[in-house]
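The opening residue of the sequence shown carries number 8 in full-length UniProt numbering; numbering runs sequentially from there.
Idealized CB from N, CA, C, for every residue including glycine.
First up is the structure itself, then whatever we jot down about it.
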Amino acid sequence: PDVAAKIAAGEVVERPASVVKELIENSIDAGATQIRVDLMNGGLQLIRVTDNGSGISPEELPLALERHATSKVTSIDDLEQIRSLGFRGEALASIAAVAEVTLVSRARGSEQGSQVSAQNGHISDVTPAASPEGTTITVRNLFSAVPARLKFLKSRNTEISHCHHLLEQYALAYPEIRFTVASEGKQIFSTPGDGKLFSVLVQVYGLQIAEQMVEVDGDDEHDASDGEYPIVKGFVSRPACYKSTRQHISFFVNRRWVMSRMLTTAVEGAYHSLLLSGRHPLAVINIQIDPSFLDVNVHPAKTEIRFLKERRVFAAILRAARKALLQEQE
Ligand code: ADP
Ligand code: MG
């Protein structure tokens, strides 16, 4: 791959978990209800994501690996209303610049599957291949041609735990998707895909802690159809839930996993406003907001987010979390 491709790849692909993120976002965008992730040697030897999504037709298969080829956004106006997780058409091309990638796919309703692969920036011809409906992407020998990057990576277990944590977050955001994750062929995480956030909480935190969480349902005074005001839903831990030894608050904005100091402060504020010990709260907060109130120019591979009406979002979260905790006290 040329230097420019490698530099661009560096922005998207930092470690195995970044590859996993891009691949499962594609599976989610393809409407998958089952996603399986296999890792070998912490993802460095192999990352394989198998989904039962819409699949890719043979004509589109080589395009998927090309830079700036996206099937999700067709005009610049679309950018304002992005609903899919991906939209730049960069991820697969970037991954292919630093690993060997094989794509096997069968489009929904189509008779025959097909396959394409990329190695050293060279995209192979498309050939017929047996495949169930959906897509399987295999990424091998990540960074083997980028020793400088390899040196930055931590132990295999650290890379596995990054992947594991990431998958937990996506499972929390998509309770209707059945996730299965295996490392060295051994299952390390799975969710039932029954659509219930509680079921995922049980898998992520264990039944004991999950039962110590209260539901947040921020149907407030504002008309829910008024996109200016965010809808806030999720779970927060009861103040007496001392089982957790570290704070863990997950945020999803329009089902995209994000990190934000502002959002964390809002949840902590709910505990403090009730004079509760907000030590080590656990929370999962889903925020739904009209995308035109988001700044989409933040790099999609990063989990930062910017709201155009930040104080409104802050207030909505504080109010919803506070309401949940208050009801719990009664
Ligand atoms: P983006 O997600 O930004 O469009 P990607 O490089 O991640 O760009 O993917 C390129 C294209 O490949 C997508 O637009 C989509 O058409 C196709 N694609 C990738 N993964 C899948 C998948 N799992 N199922 C169906 N189509 C896929
Ligand atoms: Mg993508």
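Around residue 263, the same chain offers 92 as residues with beta carbons nearer than 7 Å, after the five sequence neighbours per side are excluded. In the DSSP annotation of this structure, the continuous segment of the alpha helix (DSSP H) that includes residue 329 starts and ends at 317 to 336. Within the chosen limit of 7 Å, the ligand MG does not reach the beta carbon of residue 261 with any heavy atom. With respect to residue 300, residue 314 sits close: the two C-beta atoms are nearer than 8 Å. DSSP, read as helix, strand or coil, puts residue 172 in helix. When secondary structure is reduced to three states using DSSP, residue 158 falls in the helix class.
Sequence-distant Cβ neighbours of residue 222 in its own chain, meaning closer than 7 Å and more than five residues away, are 242 and 331. Its Cα nearest to that of residue 181, the residue 205 stands out among 153, 169, 205 and 47. If you look at residue 240, you'll find it in the beta strand (DSSP E) that goes 238 to 244. A contact is defined here as three or more CB-CB pairs under 8 Å, and the stretch 171 to 187 fails this definition with respect to the stretch 147 to 162. Around the C-beta of residue 215, fewer than 16 other C-beta atoms lie within 10 Å, and the residue is accordingly described as exposed. With contact defined as three or more Cβ pairs closer than 8 Å, the stretch 141 to 158 and the stretch 256 to 272 are not in contact. Per the coordinates, the alpha-carbon of residue 137 lies some 22 Å from the alpha-carbon of residue 31.
CA-CA distance, residue 144 to residue 283, rounds to 47 Å.
In this structure, the C-beta of residue 67 approaches the ligand ADP to less than 7 Å from one of its heavy atoms. Only residues of its own chain outside the window of five on either side were considered, and among them 123, 130 and 133 have a CB closer than 7 Å to the CB of residue 69, listed in chain order. For residue 274, the three-state secondary structure derived from DSSP is helix. Here the alpha carbons of residue 323 and residue 293 stand approximately 12 Å from one another. For residue 210, the enclosing alpha helix (DSSP H) stretches over residues 204 to 212. If you keep only unbroken beta strand (DSSP E) runs of at least 3 residues inside the stretch 16 to 71, you get 41 to 47 and 53 to 58. Taking the Cα positions, residue 275 is about 20 Å away from residue 316.
For residue 244, the CB contacts under 7 Å within the same chain, skipping 5 residues up- and downstream, are 219, 220, 251, 288, 289 and 290 in chain order.
Taking C-beta separations shorter than 6 Å and ignoring five residues to either side along the sequence, residue 52 has no partners in its chain.
The beta-bridge partner set that DSSP reports for residue 259 consists of 264 and 293. Under the three-state reduction of DSSP, residue 310 is assigned to coil, being neither helix nor strand.
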